[in-house]
Amino acid sequence: LSLQYGFPYLPLEHYEIPKELVKIIPKQVASQYCLIPIDKIGSTLTIAMANPLNPQAIDDVEYISNSDVQIFVATASDIRKAIERCYAENP
Numbered sequence: 170l171s172l173q174y175g176f177p178y179l180p181l182e183h184y185e186i187p188k189e190l191v192k193i194i195p196k197q198v199a200s201q202y203c204l205i206p207i208d209k210i211g212s213t214l215t216i217a218m219a220n221p222l223n224p225q226a227i228d229d230v231e232y233i234s235n236s237d238v239q240i241f242v243a244t245a246s247d248i249r250k251a252i253e254r255c256y257a258e259n260p
């Protein structure tokens with residue numbers, strides 16, 4: 170996937186997602202677009218997503234977060250697991 174899309178790959182299995190980031194993107198949006206926020210530095214929000222070529226998802230995340238978006242690719246199954254894990258702690 171990473172080579173196909175030209176975005177760096179991030180295995181989320183053991184990645185610790187800061188709890189405050191989950192509050193930036195609503196669970197519904199994360200689930201709809203299969204993405205999860207993983208870092209924020211300044212005005213740049215880094216997300217992992219299964220389909221980095223979805224311009225609507227990127228536009229929505231930029232609007233909701235009021236941030237520029239940097240993209241990493243992760244598998245849909247890893248993202249779904251991370252969403253369940255992170256949003257269960259922060260409903």
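Heads up, the sequence shown is in the numbering used here, so the first residue is 170 and it goes up one at a time.
For every residue, glycine included, the Cβ atom is placed at its ideal position computed from N, Cα and C.
Do residue j and residue i come within 8 Å of each other at the CB atom, strictly closer than that value?
i    : j    : result
I194 : V242 : no
I252 : A199 : yes
I186 : I210 : no
By DSSP's criteria, residue i is part of a beta bridge. Which residues make up the other side?
i    : result
K209 : L214
Q225 : Q225 pairs with nothing; no bridge assigned.
Y178 : V242
D247 : None, per the DSSP bridge assignment.
Taking residue i as the reference, give the member of the options with the closest Cα.
i    : options                   : result
Y256 : P187, F176, K196 and E189 : K196
Y202 : N220, I240 and L179       : N220
M218 : D247, E253 and I233       : D247
K192 : S234, R249 and K250       : S234
Below 6 Å CB to CB, which residues in the same chain sit around residue i once its five sequence neighbours on both sides are set aside?
i    : result
I227 : V238
D208 : T215
N223 : none
Spatial neighbours of residue i within its chain, please: C-beta separation below 7 Å, excluding the five flanking residues on both sides.
i    : result
A245 : C203 and A219
Might you give, ordered along the chain, the residues of its own chain that have their beta carbon closer than 8 Å to the beta carbon of residue i, omitting 5 neighbours on each side?
i    : result
T213 : S236, D237, V238 and Q239
(message) Extract the residue ranges of the alpha helix (DSSP H) inside the stretch 182–206, only unbroken runs of 4 or more that lie entirely within it.
(response) 188–191 and 196–202
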